[in-house]
Amino acid sequence: MSIFGIVIFLLVGGMAFWMLLFLLGFIVPYWITLSVFEKMRPKKIYDEEEK
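Sequential numbering of the sequence shown, starting at 128, is according to the numbering used here.
Structural data, given as C-alpha coordinates:
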(Lines of atoms letter the chains of each structure in order from A and count residues from 1; the text may use other names and numbers.)
(Lines give C-alpha, C1' and ligand atoms only; values in the text may rest on other atoms or scores of the structure.)
Protein backbone atom coordinates (compact mmCIF):
# COMPACT_ATOMS: atom_id res chain seq x y z
CA MET A 1 0.00 0.00 0.00
CA SER A 2 2.91 2.37 0.65
CA ILE A 3 4.16 1.80 -2.91
CA PHE A 4 0.80 3.06 -4.19
CA GLY A 5 1.18 6.25 -2.11
CA ILE A 6 4.70 6.85 -3.41
CA VAL A 7 3.54 6.36 -7.01
CA ILE A 8 0.65 8.81 -6.54
CA PHE A 9 3.01 11.31 -4.89
CA LEU A 10 5.49 11.07 -7.78
CA LEU A 11 2.69 11.31 -10.34
CA VAL A 12 1.22 14.47 -8.80
CA GLY A 13 4.69 15.94 -8.30
CA GLY A 14 5.59 15.21 -11.92
CA MET A 15 2.44 16.86 -13.20
CA ALA A 16 3.10 19.91 -11.04
CA PHE A 17 6.69 20.08 -12.31
CA TRP A 18 5.66 19.98 -15.97
CA MET A 19 2.89 22.52 -15.42
CA LEU A 20 5.41 24.86 -13.76
CA LEU A 21 7.85 24.32 -16.61
CA PHE A 22 5.11 25.12 -19.14
CA LEU A 23 4.11 28.27 -17.27
CA LEU A 24 7.66 29.55 -16.91
CA GLY A 25 8.64 28.62 -20.45
CA PHE A 26 5.64 29.80 -22.42
CA ILE A 27 2.87 31.61 -20.54
CA VAL A 28 4.98 34.07 -18.54
CA PRO A 29 7.11 35.24 -21.53
CA TYR A 30 3.93 35.54 -23.63
CA TRP A 31 2.28 37.63 -20.91
CA ILE A 32 5.34 39.88 -20.56
CA THR A 33 5.59 40.34 -24.34
CA LEU A 34 1.94 41.32 -24.61
CA SER A 35 2.27 43.84 -21.77
CA VAL A 36 5.39 45.36 -23.38
CA PHE A 37 3.62 45.77 -26.72
CA GLU A 38 0.61 47.25 -24.92
CA LYS A 39 2.85 49.84 -23.24
CA MET A 40 4.60 50.71 -26.52
CA ARG A 41 1.37 51.23 -28.46
CA PRO A 42 0.39 54.89 -28.63
CA LYS A 43 -2.66 55.84 -26.63
CA LYS A 44 -5.74 56.87 -28.57
CA ILE A 45 -7.22 60.12 -27.36
CA TYR A 46 -10.78 60.69 -28.35
CA ASP A 47 -11.74 64.33 -28.67
CA GLU A 48 -15.26 65.28 -27.85
CA GLU A 49 -17.38 65.35 -30.93
CA GLU A 50 -18.34 68.83 -32.07
CA LYS A 51 -22.05 69.49 -31.82
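Idealized CB from N, CA, C, for every residue including glycine.
None of these values were measured; they are calculated from a predicted model.
Taking C-beta separations shorter than 6 angstroms and ignoring five residues to either side along the sequence, L147 has no partners in its chain.
For G140, the enclosing alpha helix (DSSP H) has its first and last residue at S129 to F149.
When DSSP states are grouped into helix, strand and coil, P156 belongs to the helix group.
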